[in-house]
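Peer 1: A single structure is presented below for examination.
In our numbering, the protein residues as written are 528 to 619.
In structure tokens, the structure reads:
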């Protein structure tokens, strides 16, 4: 049984997860502890499940966070993910 593809967007509110994974979690089984946490965990998970970059948007708090995520993602498969500058607070 084949169903037609349904367009979707995964929205990820994020703050500070551009920092190295080792600075955010105490997990010992990190593949690359110096890689940005969001690449090591969240976006890594989406990659392993075949989610295309074009279906993901990162929502960040301000222009400073946007710049830090852009730098952290540079050179990765996620370098061109959509980044949306919002306001702090998930319900704002």
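A virtual CB, placed ideally from N, CA and C, is assigned to each residue, including glycine.
None of the values given here were measured: they were computed from a predicted structure.
Would you call the segment 570-589 in contact with the segment 530-543, where contact means no fewer than 3 C-beta pairs closer than 8 Å?
Peer 2: With the cut-off at 8 Å, the segment 570-589 and the segment 530-543 touch.
Peer 1: DSSP three-state call for residue 546: helix, strand or coil?
Peer 2: Here residue 546 sits in coil by DSSP.
Peer 1: Around the C-beta of residue 599, are 16 or more other C-beta atoms found within 10 angstroms, so that it is buried, or is it exposed?
Peer 2: Under this definition residue 599 is a buried residue.
Peer 1: In the DSSP assignment, find the unbroken alpha helix (DSSP H) run with residue 575 in it and report its ends.
Peer 2: From DSSP, the alpha helix (DSSP H) with residue 575 extends over 569-575.
Peer 1: Identify whether residue 563 lies in helix, strand or coil by the three-state DSSP scheme.
Peer 2: Residue 563 falls in the strand class under three-state DSSP.
Peer 1: Within a Cβ cutoff of 8 Å, which residues of the same chain sit near residue 580, ignoring the five residues on either side of it in sequence?
Peer 2: Cβ neighbours of residue 580 beyond the five flanking positions: 604, 605, 607, 608.
Peer 1: Helix, strand or coil: how does DSSP classify residue 600 here?
Peer 2: The answer is helix: DSSP assigns residue 600 an H, G or I state.
Peer 1: Determine the extent of the beta strand (DSSP E) in which residue 583 is found, giving its start and end residues.
Peer 2: Where residue 583 is concerned, the enclosing beta strand (DSSP E) stretches over 583-587.
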